[in-house]
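Here is the structure we will look at, set down as structure tokens.
Residue numbers (this note's numbering): 49 to 350.
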């Protein structure tokens, strides 16, 4: 009897099928376990990412503060070697008359570009810092006499001083710190969105943060950003807590005297209070919303 050969096509098809099904099938229980682990990892990332991002941003802000301190230290050493004495009392009636650097010319654009390239090694120009102090004292006196017209919210955003023309290339004027809430933020002039994402922003139209009678320096900060802490914790400041301002010339100490919630249009609440040396911190309220403003009033001590 003749032997019949198997059909070639059928054998190929059968072999292919065997190859496809040759691997072991993953049990449903294992698939569920893998899915569960993936979901767990996603959940961990979602929960811990904001805190991790905030930690990174805090380190970056701390580095900028440290860089400011280094530049100021270099400038003070230069000032000492050049017999330049910084005035530190804005209430001294002769502070403007005795400052011989009030007429020092500001930096040109070309000088600014050159300074930006060498600043990390040289620090700030001590003569220009002395001039900046005198200009800010004059600004504060003029502001108090003018009666502070600050109804326009956009006026807060503009820089009151072009710091790079005074040899401060990175636009950091100083920093605000409050030990009780671990606050340590660089200060930028002008409450623009860009500055508010970098740290605390001085609101133009309010006193410069150099201290002095008849001043109220207002610093604004974000609250409720996913990646940044900023002013999140100023709501935990209590009466009597210290708050410090470090600027190019001195470290000013304030104490919390009052907190208040206001509506955004109540600009009179952040104006200068005659006879007082004040610092005011302001942020959005409640957390993550902009319906109101949370205010922390501080008064100078010492």
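Just so you know, even glycine gets a beta-carbon here, dropped at the ideal spot from N, CA and C.
DSSP, reduced to helix, strand and coil, places residue 287 outside both helices and strands of the structure shown, so it counts as coil. Counting every other CB atom within 10 Å of its CB across the protein chains shown gives residue 284 a total below 16, marking it as exposed. For residue 174, the enclosing alpha helix (DSSP H) begins and ends at 174-194. By the Cβ rule, the region 111-131 counts as touching the region 219-228, because three or more pairs are nearer than 8 Å. Per the Cβ contact rule, the region 206-213 is not in contact with the region 265-284 (fewer than 3 Cβ pairs under 8 Å). A Cβ-Cβ separation of about 7 Å places residue 318 in contact with residue 254 under the 8 Å criterion.
Distance from the CA of residue 288 to the CA of residue 161, rounded to the nearest whole angstrom, comes to 44 Å.
For residue 234, the secondary structure class from DSSP, reduced to helix, strand or coil, is strand. Going by C-alpha positions, residue 347 is about 34 Å away from residue 153. Contact annotation: residue 281 and residue 327 have beta-carbon atoms that are not nearer than 8 Å.
Taken through DSSP and simplified to helix, strand or coil, residue 273 comes out as coil.
Put simply, the region 175-185 touches the region 138-156. At least three CB pairs are less than 8 Å apart. Boundaries of the alpha helix (DSSP H) harbouring residue 243: 241-244, taken from the DSSP string. Taking residue 323 as the centre and dropping the five residues before and after it, the same chain places the C-beta of 261, 262 closer than 8 Å to its C-beta, in chain order.
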